[in-house]
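Following this note's numbering, the numbering of the sequence shown begins with -4 at its first residue and continues without gaps.
What follows is a set of notes on a single structure, which appears directly below.
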Amino acid sequence: MPSARRRWQTRETSLPRALLCGLGNGALLGGAVASALSGYEQQLLPMPFNLLLFAFLGFALVSAGDGILTLLWQLLRFGLRRLKAERPLRLLNAIPQAHLGRLLAALLFVYGRRLFPDSFFQHIGLSPGAHPLLGAMILGGALVAVARMPARRRQPRLALLGAALLLNGLAAGWLLQRGTDDYLARPAPAPDVSPLSLANPGQPGGYEVASLTYGSGTDRQRREFGADADLTTPTVDGTAVYAGSPGLGGAVATWFWGFDYARLPLNGRVWHPQGDGLFPLVLIVHGNHSMTHFSDPGYAYLGEHLASRGMIVVSVDENFLNGYMLADGKGAEMPLRAWLLLKHLQQWRTWSETPGNPFYAQVDLDRVALIGHSRGGEAVTHAAALNERLTVPVTGVAQAGEFDFGIRGVVGIAPSDGQYQPNGRLLRLQDVSYLMLVGGHDADTHTAMALPTYNRVSFADNPAAFAAVAYLYRANHGQFNTVWADSDYGLIDSTLLNRRAYLSGAQQRQAALVVITAFLEAALNGQDGYRDLFRAPHAAAAWLPDDVLVTAYKDASFQAVDTSRRGGQPAHVDLAGTDVAASGFSTWQREQILLRDGESPQGNIALRLAWAAGAAPVYSLTLPPERLALTDADALTFALASALDEPRPLAVAVELETAVGVRVRLPLAPFGALQPPLPARILKADWVEPLFGFDKIQLQTPYERVLQTYVLPLAAFQAADPAFQPEQITAIRFLFEGAQGGDLYLDEIGFTSAAPGQP
């Protein structure tokens, strides 16, 4: 049997053998190169050694196919000789088994994750972003092998070698180009309204900002939490809180970090305002990312900004709970993520009560906010719930009153939902203000998957609480963090993503500063005027980048008339005694709105209304004789979203009628635009998903149906006709126009006690 070197160098005279040998050699080289690229993101060792290690692993895995198939061939030869099967034996000898083994191993390297979903291939499978390069090198190897055949003339040989180089160059060029943005929807014309009369929350405040770090003092990977930490904190034992089994990945993580779940550190980066005062406290926590690619520095822009506006801000380090190629908690670590935040708050309580440290009598623990990104965005909701009550009994948490901090606001940045379900049920956030900030081009969560979180928020015992959604059309998952940037699927796999449509990182983070700061000023500091950003986003356009921002809003003052919460028949409404009528519609039904995957529910049933071209449909609600106690300080509120798959001009008007027959009809346009369908193309091409194993990333429909909240002050109806008296309202009518027909969702019809501009 020829040596490995001979198998590499031999010039085959048979075209089929030459092709197969070339494919095998290309697979061997491509496996090493592609594996090295994948190892760039999994930095357990210094980078040069890490690249060499992963290149060797890729080479070894492909070579294993060589050895295994060679052994199989020897066994088959032995059997065929014993059977004296000469023809099958000649056929077997004609096949270069070593090169075939390399090729099969490379294909298994690529498709092992899909063929064996619960196997070891989930940990060693090649990143999809490296697949095109591996494929080009395999085919390039075949062209080189053919070019090296002895009978080839010089010119054809050079042409084949050039074709091999061109093939690899085209693959690399396609991976490096950023995609397309020619499909993006044009935003609806914004209404001509006066801007909000508040200071831009995206501008820095008046405080000088100082920073420091705190940690265990013994961290082997991060000097800022080890020897260079300004404040030293104790470790905590989280073994009883972890909901999974560490396994092999846990052993690797323990080796890398130098500690296990029994000695978890409390590490944080702090930005704080200089000066005397009792300042609110804001914790920011990252989500899941490679544990060796530290995520917590990525929120410095947000920490510095909020600190300049008078808040103490901590970016919490939980990188040691993140995944790695050998392990991913898949949500089992979620209780730990949440519990650790509360242990940080306990440490801050100690500092605030202990003389002699920088934060003595400086921290207002009755004004606390939690901000989380991705899995961190789900973790902060669990932390807020665990702060008030035991949602499950969590082992290691003594009792519901162990924490009891004044958490007033929770922010989820592109959050996950449902990865951890206490007692097998989805968490319902209660009596705390909540903001969900999400991008329409998120390639990590793929959908606005935490919309159900927003829809489950309730305010039974906190009249000051509110909840909002901010859907930023061209935002991705990672650019809210400067470390993650625009690589939602990791550095290599993100070459398959359509990134040309994204906002720039600076634009996306500026939008985050505006939206998050406005929310916190309202939730922590009582500046309720900033709620108008979510009730009338068009009035804040000057603060935001040039993009579509869809907002939803609700608060404890909402008096429901028709929210579809009861589901069932179209005539079923919330306000008892209300009569419903609909005319001119081809579709009039209540249905669950689905996320973009076409399968997952948003957790919200809405009224689906569709009509044909030329129709003039009307949806009417006649209220019961027992009138609502309304004044001109109140507002009519409802939510709309297009259900179309293409832009189509639609006009909406709202008519209110009183008991004495006064009717006032106002167009919707001055109070907010009805946005067209907002398509998102996550991958560069549709064929990427099935070929390279992206699971439903392109999804069933490119449209996320996010309901926009509209708030129409009753004072505006009174200004149109002074005879209009809000306390006498007896009917609400929605009138729709669309020469080409229309299709939309209508929901959350009711009244709210504070109109925009009226805190």
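For every residue, glycine included, the Cβ atom is placed at its ideal position computed from N, Cα and C.
These figures come from a predicted structure and were not determined experimentally.
- [ ] Determine the closest residue to residue 543 out of 747, 701 and 409, with distance taken between C-alpha atoms.
- [x] The residue you call residue 543 lines up with position 548 of the sequence shown. Answer by Cα proximity: 701.
- [ ] Quick one: which unbroken beta strand (DSSP E) runs of 3-plus residues sit fully inside the region 392 to 437? Chain order, please.
- [x] 402 to 408 and 428 to 434
Open item on the list: Going residue by residue through the region 221 to 277, where are the continuous alpha helix (DSSP H) segments of at least 4 residues, counting only ones entirely within it?
Closed with: 242 to 252
Task: Helix, strand or coil at residue 490 according to DSSP, with G and I counted as helix - done: Here residue 490 corresponds to residue number 495 of the sequence shown, with the count starting at 1. In the structure shown, residue 490 falls within a helical segment according to DSSP collapsed to helix, strand and coil.
- [ ] Give the secondary structure of residue 348 by DSSP, where H, G and I count as helix, E and B as strand, and everything else as coil.
- [x] Within the sequence shown, the letter at position 353 stands for residue 348. Note: residue 348 maps to helix in three-state DSSP.
TODO: Check residue 648 in the structure and name its three-state DSSP category.
DONE: For the purposes of this step, residue 648 is taken as the residue at position 653 of the sequence shown. Three-state result, residue 648: strand.
TODO: Taking residue 636 as the reference, give the member of 375, 77 and 672 with the closest Cα.
DONE: On the sequence shown, residue 636 is found 641 positions in, with the first residue counted as 1. It is 672.
TODO: Kindly list the residues whose CB is nearer than 7 Å to the CB of residue 18, restricted to its own chain and excluding five residues on each side of it in sequence; keep chain order.
DONE: Taking the sequence shown and counting its residues from 1, one reaches residue 18 at position 23. Contacts found: 94, 98, 133, 136 and 137.
Task: Backbone CA spacing between residue 102 and residue 142 [nearest angstrom] - done: By 1-based counting over the sequence shown, the position of residue 102 is 107. By 1-based counting over the sequence shown, the position of residue 142 is 147. Rounded to whole angstroms, residue 102 to residue 142 spans 24 Å at the Cα level.
TODO: Measure from the alpha carbon of residue 593 to the alpha carbon of each residue in 184, 286 and 444, then state which is nearest.
DONE: Locating residue 593 in the sequence shown gives position 598, counting from the first residue. For the options 184, 286 and 444, the alpha carbon positioned closest to that of residue 593 is the one of 444.
Task: Boundaries of the beta strand (DSSP E) in which residue 368 is found, first to last residue - done: The residue given as residue 368 occupies position 373 in the sequence shown. From DSSP, the beta strand (DSSP E) with residue 368 extends over 358 to 368.
Task: Check whether residue 526 and residue 696 have beta carbons under 9 Å apart - done: Numbered from 1 along the sequence shown, position 531 holds the residue referred to as residue 526. Numbered from 1 along the sequence shown, position 701 holds the residue referred to as residue 696. Taking 9 Å as the Cβ cut-off, residue 526 and residue 696 do not qualify as a contacting pair.
Task: Residue environment, residue 314, which counts as buried when at least 16 other CB atoms sit within 10 Å - done: For this step, residue 314 is matched to residue 319 along the sequence shown. Buried: at least 16 other Cβ atoms inside 10 Å.
TODO: Return the first residue and the last residue of the beta strand (DSSP E) that residue 312 is part of.
DONE: Mapped onto the sequence shown, residue 312 falls at position 317. Note, residue 312: beta strand (DSSP E), 307 to 312.
Open item on the list: Could you pull the DSSP bridge partners for residue 216 from this structure?
Closed with: As a position in the sequence shown, residue 216 is number 221, starting the count at 1. For residue 216, which the question treats as bridged, DSSP gives no partner whatsoever.
- [ ] Would you mind sorting residue 699 into buried or exposed? The rule is 16 or more other CB atoms within 10 Å of its CB.
- [x] Locating residue 699 in the sequence shown gives position 704, counting from the first residue. Residue 699 should be labelled buried.
Task: Integer-rounded CB distance, given that residue 210 should sit under 8 Å from residue 234 - done: As a working note, residue 234 is residue 239 in the sequence shown. As a working note, residue 210 is residue 215 in the sequence shown. Their Cβ separation, rounded to whole angstroms, is 20 Å, which puts residue 234 and residue 210 out of contact at 8 Å.
Task: Opposing strand residues paired with residue 746 [DSSP bridges] - done: Locating residue 746 in the sequence shown gives position 751, where the first residue counts as 1. 554 and 631.
Task: Close-in-space but distant-in-sequence residues of the same chain around residue 299 (CB under 6 Å, 5 per side omitted) - done: Taking the first residue of the sequence shown as position 1, residue 299 is located at position 304. 204 and 266.
Task: Distance CB(residue 312)-CB(residue 382) smaller than 9 Å - done: For the purposes of this step, residue 312 is taken as the residue at position 317 of the sequence shown. For the purposes of this step, residue 382 is taken as the residue at position 387 of the sequence shown. Their beta carbons are not under 9 Å apart, which means residue 312 does not touch residue 382 by this criterion.
Task: CB-CB length for residue 790 against residue 316, believed under 8 Å - done: In this structure the chain extends from -4 to 754, so residue 790 is not present and cannot be described.
Open item on the list: Suppose the cutoff is 8 Å on Cβ atoms and the five residues either side in sequence are ignored; what does the same chain contact list for residue 505 look like?
Closed with: To locate residue 505, count along the sequence shown from 1; it is residue 510. Cβ neighbours of residue 505 beyond the five flanking positions: 197, 539 and 540.
TODO: Report the rounded CA-to-CA distance for residue 495 versus residue 476, giving the unit in angstroms.
DONE: Counting from one through the sequence shown, the residue named residue 495 turns up at place 500. Counting from one through the sequence shown, the residue named residue 476 turns up at place 481. Spanning the two alpha carbons is a distance of roughly 18 Å.
- [ ] Indicate whether the contact test is met: 3 or more Cβ pairs, each with one atom in the region 675 to 684 and one in the region 619 to 626, closer than 8 Å.
- [x] no
Task: the region 41 to 57 contacting the region 69 to 89, beta-carbon criterion three pairs below 8 Å - done: no
TODO: Just list the beta strand (DSSP E) runs in the region 707 to 747, keeping only unbroken ones of 3 residues or longer that don't cross its boundaries, in chain order.
DONE: Runs found: 724 to 732 and 737 to 747.
- [ ] In angstroms with no decimal places, state the Cα-to-Cα distance between residue 574 and residue 422.
- [x] Taking the sequence shown and counting its residues from 1, the one referred to as residue 574 is at position 579. Taking the sequence shown and counting its residues from 1, the one referred to as residue 422 is at position 427. Between residue 574 and residue 422, the C-alpha separation is close to 34 Å.
Task: residue 291 - DSSP class collapsed to helix/strand/coil - done: Residue 291 sits at position 296 when you count from the first residue of the sequence shown. DSSP places residue 291 in helix when its eight states are reduced to three.
Open item on the list: Within a Cβ cutoff of 6 Å, which residues of the same chain sit near residue 21, ignoring the five residues on either side of it in sequence?
Closed with: Position 26 of the sequence shown holds residue 21. Only 132, 133, 135 and 136 meet the Cβ criterion.
Open item on the list: According to DSSP, simplified to helix, strand and coil, what is residue 637?
Closed with: Your numbering for residue 637 matches position 642 in the sequence shown. Strand at residue 637.
- [ ] Work out the CA separation of residue 463 and residue 576 for me, nearest whole Å.
- [x] Residue 576 sits at position 581 when you count from the first residue of the sequence shown. Residue 463 sits at position 468 when you count from the first residue of the sequence shown. If you take the alpha carbons of residue 576 and residue 463, they lie about 30 Å apart.
- [ ] Please classify residue 677: does DSSP put it in a helix, a strand, or coil?
- [x] Counting from 1 along the sequence shown, the entry for residue 677 is found at position 682. Annotated three-state conformation of residue 677 is coil, per DSSP.
Open item on the list: Buried or exposed for residue 755, going by 16 or more other Cβ atoms inside 10 Å?
Closed with: Residue 755 is absent from the model: the chain starts at -4 and stops at 754.
Task: Span of the alpha helix (DSSP H) around residue 53 - done: Taking the first residue of the sequence shown as position 1, residue 53 is located at position 58. 42 to 78 is the span of the alpha helix (DSSP H), which, as asked, contains residue 53.
Open item on the list: From the DSSP secondary-structure annotation, give me the bridge partner or partners of residue 544.
Closed with: Numbered from its first residue, the sequence shown carries residue 544 at position 549. DSSP lists 467 as partners of residue 544.
- [ ] Pair every Cβ in the region 182 to 194 with every Cβ in the region 291 to 309, then say whether three or more of these pairs are closer than 8 Å.
- [x] No, because fewer than three Cβ pairs between the region 182 to 194 and the region 291 to 309 fall closer than 8 Å, the two stretches do not touch.
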